[in-house]
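Notes follow once the structure below has been shown.
Numbering (my numbering), first residue to last: 25 to 381.
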């Protein structure tokens with residue numbers, strides 16, 4: 025499983041180089057760069073990711089064989105030999121399948137875009153087929169299966185709307201659709217992402233989220249990436265790059281791969297952190313007992329601290345703020361967005377006979 029921890033590092037490096045070359049051609053700084061040369065770094069990243077999957081599969085089979093053998097030894101000192109490692113294998117396989125499918129979809133999209141730009145044999149709508157599959161599956165998963173937050177589903181819908189507007193303008197020649205209209209849903213999506221990242225990072229500051237050092241670093245890198253991307257999208261939407269001086273064109277060429285690099289480095293940090301925690305604690309989910317609250321209808325169980333899975337952050341620990349804690353924070357109006365519990369709830373004690381003392 026260890027080779028797969030380099031997934032985001034490899035992909036961000038290849039995509040950043042391709043984005044830099046693509047922006048150099050689009051801005052007319054290097055207009056003669058062929059499209060195959062632009063896409064070569066990303067294609068090499070897909071090849072490197074394939075070898076990472078292959079090496080991970082070999083390492084996983086070796087781990088299973090050694091674990092089955094060591095579990096029979098009484099003198100083994102490895103804690104993984106004394107715990108159930110099936111959840112660890114399930115999570116490793118799930119991560120490998122997800123990254124493999126995403127890489128395949130993006131690779132097919134790149135091939136179709138290459139045919140679109142060089143041979144003119146496919147329309148942009150056909151080139152978007154891999155993206156259609158990902159976006160529609162994300163929307164259906166959120167609406168039908170209800171496994172996603174409503175805000176995340178709304179982000180999928182914004183992306184879908186931007187793709188539809190792009191197809192209508194490019195393939196069907198709708199002149200009434202300006203590029204600013206195409207960019208607006210993307211800017212809205214990035215704004216929602218930035219607000220969510222600020223909520224998570226500030227939640228760590230006030231004590232609701234308990235981010236690890238790698239998760240906190242990733243949150244800051246994600247926020248910087250989305251903010252720079254918003255600035256970049258506004259510049260592209262205004263189509264100002266084609267008429268300004270060389271310095272501004274160079275700025276855009278630098279900002280575009282920087283967005284990819286910051287996002288990829290943040291994801292790589294989270295990936296390494298998840299891997300280390302899996303080795304330390306195994307793949308089983310931590311169980312936190314629920315607390316009891318006395319209500320007019322009787323006792324009811326309520327969720328207090330626990331662990332939630334946040335996209336691009338992995339498993340994040342959280343614990344509701346206490347009343348005294350939320351009142352002691354300067355920006356108390358912001359803290360109202362975070363769940364909190366009354367201090368007296370934690371003072372309830374039980375005797376051996378089940379009575380309240």
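Note that the Cβ used here is the ideal one computed from N, Cα and C, for glycine as well.
Residue pairing for residue 272: DSSP places it in no beta bridge. Three or more beta-carbon pairs separated by less than 8 Å link the segment 247-258 to the segment 204-223, which places the two stretches in contact.
In this structure, 181 is the residue among 148, 150, 167, 181 with its C-alpha nearest to the C-alpha of residue 159. Per DSSP, reduced to three states, the secondary structure at residue 333 is strand. DSSP places residue 150 within a helical segment (H, G or I) once states are collapsed to three. Between the beta-carbon of residue 72 and that of residue 34 there is about 5 Å, and that keeps the pair under the 8 Å contact cut. Where residue 342 is concerned, the enclosing beta strand (DSSP E) starts and stops at 338-342.
As for any alpha helix (DSSP H) of minimum length 4 sitting wholly inside the segment 135-179, the runs are 148-151, 153-164, ordered along the chain.
The beta carbon of residue 42 is closer than 8 Å to those of 62, 63, 64, 65, 66 in its chain, skipping five residues each way along the sequence. As computed with DSSP, residue 234 is found in a beta bridge with 341.
Your pair residue 212 and residue 290 does not check out as a contact, with CB atoms roughly 22 Å apart and the cut at 8 Å.
One Cα belongs to residue 112, the other to residue 282, and the distance between them is close to 34 Å. In the assembly as shown, residue 191 is a buried residue. Its beta-carbon has 16 or more other beta-carbons within 10 Å. In the DSSP annotation of this structure, the continuous segment of the alpha helix (DSSP H) that includes residue 42 starts and ends at 31-50.
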